[in-house]
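Asks: Line by line, the protein sequences give chains A and B.
Under the working numbering, the first residue of the first sequence carries the number 1, and numbering increases by one thereafter.
Under the working numbering, the first residue of the second sequence carries the number 1001, and numbering increases by one thereafter.
Even for Gly, the Cβ is constructed at its ideal location relative to N, Cα and C.
Would you mind keeping the following structure in view while I ask a few things?
There are 2 protein chains.
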Amino acid sequence: MDGLTINEAAETTGWSPRMLRYLESVGLIQPPRTESGYRKFGPEELQRLRTLRELLNRFGCGLSDVAFAGRMREDDELSKAVDAWFEAAPRLPEGVASDDWLSWEQEKHQRLLGMAA
Amino acid sequence: MDGLTINEAAETTGWSPRMLRYLESVGLIQPPRTESGYRKFGPEELQRLRTLRELLNRFGCGLSDVAFAGRMREDDELSKAVDAWFEAAPRLPEGVASDDWLSWEQEKHQRLLGMAA
DNA sequence: CGAACCTTGACACATCCCTGCTAAGGTTGC
DNA sequence: GCAACCTTAGCAGGGATGTGTCAAGGTTCG
């Protein structure tokens, strides 16, 4: 069999066999199968698994986050909707009354301080 | 006060006051404040809130999903890393001989890792 | 002043996400 | 043919999300 079995793959990638099945179930990997249904993990898949691990703990995000990112790249509708929402910036732009922006700037300052703390 | 108070905003957007505070706490909205600290919701923010609701139940996603999308648009590093991971799809592109695909994949990974790093 | 708002903080609960484990059964290979 | 692997399916539990509610205190305004 060209490619590792699930336990071997788990061994070399640091994921548990359970998690490899879970990763497949949420659509993050699609390892091919043998005739009899055994998953086989090739070098690319193994590398991909290691990269995923790196990605998660470098940025402290969850699998569902990555899965959602994947959903966005496949669903153009969704991707556009999300973009549009962020595009509709709440960064009070033009319509700001002049007696507003002072307090707004003060608040921004407070928010920044809050972030630092 | 130009702009609605939190209860009024809740009334017209369908969110509960509790949720409006929660949405702010996870960084999805940043309503400005009055001098004394009251949140004030302007027309833009109200529209944004309605759009968010629409977004969530149209695509059946969670707030944390949208929050993560937001994180990606602000963190270029993260966005690149996620892209790179999906780019490294374990699918055999057309025209790659089966003798070649292994080294080809490995090369691609080299390139992608170089980008991400 | 007092009623009706607003603020933050915290407790509580349902529901997911992630993960391990076990069970019942098919496959592989010595 | 049997040990060691694989498969799916399910329960279980700790942690994060999403949401309500209550408490203690400041603000607004008639």
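#1: Using a Cβ-Cβ distance cut-off of 8 Å, determine whether ALA10/A contacts chain B.
#2: Shorter than 8 Å from the beta carbon of GLU1094/B to some beta carbon of chain A?
#3: Measure the beta-carbon distance from ALA1069/B to MET72/A and round it to whole angstroms, keeping in mind my assumption that it falls under 8 Å.
#4: What do you reckon, are the CB atoms on LEU1055/B and TRP85/A nearer than 8 Å?
#5: For the segment 46-63 of chain A, which residues have a beta carbon sitting closer than 9 Å to at least one beta carbon of chain B?
#6: Excluding five sequence neighbours on each side, which residues of the same chain lie with their C-beta closer than 7 Å to the C-beta of GLY3/A?
#7: ALA81/A and PHE1059/B look like a contact to me (Cβ under 8 Å); what is the Cβ gap, rounded to whole Å?
#8: Please state the DSSP three-state secondary structure of LEU28/A.
#9: On the DSSP letters alone, give me the boundaries of the alpha helix (DSSP H) that ASP1076/B sits inside.
#10: If you drop the 5 nearest sequence neighbours on each side, which residues of the same chain put their C-beta closer than 7 Å to that of PRO32/A?
#11: Should GLU44/A be labelled buried (16 or more other beta-carbon atoms within 10 Å of its own) or exposed?
#12: In the DSSP assignment, what are the bridge partners of ARG33/A?
#13: Since I believe TRP1015/B is in contact with LEU1049/B (beta carbons under 8 Å), could you give me their beta-carbon distance rounded to a whole number of angstroms?
#14: Nearest to ALA122/A by alpha carbon, out of GLU1087/B, THR1051/B, ALA1089/B?
Replies: On the basis of the data shown:
#1: Here residue 10/A refers to the residue found at position 10 of the first sequence. Under the Cβ criterion of 8 Å, ALA10/A is not counted among the residues facing chain B.
#2: The residue labelled residue 1094/B in the question sits at position 94 within the second sequence. With a pLDDT of 41 at GLU1094/B, under the threshold of 50, the modelled position of this residue cannot be trusted; read the value that follows with caution. Answer no: the Cβ-Cβ gap between GLU1094/B and chain A never drops below 8 Å.
#3: Counted from its first residue, the second sequence places residue 1069/B at position 69. Counted from its first residue, the first sequence places residue 72/A at position 72. That belief holds up - the Cβ atoms of ALA1069/B and MET72/A are roughly 7 Å apart, short of 8 Å.
#4: Here residue 1055/B refers to the residue found at position 55 when the second sequence is read from its first residue. Here residue 85/A refers to the residue found at position 85 when the first sequence is read from its first residue. For LEU1055/B and TRP85/A, yes; Cβs fall inside 8 Å.
#5: GLN47, ARG48, THR51, LEU52, GLU54, LEU55, ARG58, PHE59, CYS61, GLY62
#6: Taking the first sequence and counting its residues from 1, one reaches residue 3/A at position 3. Same-chain partners within the cutoff: LYS40, PHE41, GLY42.
#7: In the first sequence, counting from the first residue as 1, residue 81/A sits at position 81. In the second sequence, counting from the first residue as 1, residue 1059/B sits at position 59. About 7 Å; that satisfies the 8 Å criterion.
#8: Along the first sequence, read from residue 1 onward, the residue named residue 28/A stands at position 28. Correct three-state label for LEU28/A: coil.
#9: As a first step, residue 1076/B must be located in the second sequence, where it is residue number 76. Start and end: 1076-1087.
#10: Taking the first residue of the first sequence as position 1, residue 32/A is located at position 32. Excluding sequence neighbours, PRO32/A sits near LYS40.
#11: Taking the first residue of the first sequence as 1, we reach residue 44/A at position 44. By the 10 Å Cβ count, GLU44/A comes out buried.
#12: Taking the first sequence and counting its residues from 1, the one referred to as residue 33/A is at position 33. Paired residue(s): ARG39/A.
#13: Numbered from its first residue, the second sequence carries residue 1049/B at position 49. Numbered from its first residue, the second sequence carries residue 1015/B at position 15. At roughly 6 Å, the Cβ-Cβ gap stays under 8 Å, so LEU1049/B and TRP1015/B are in contact.
#14: Any question about residue 122/A goes unanswered here, given that chain A covers just 1 to 117.
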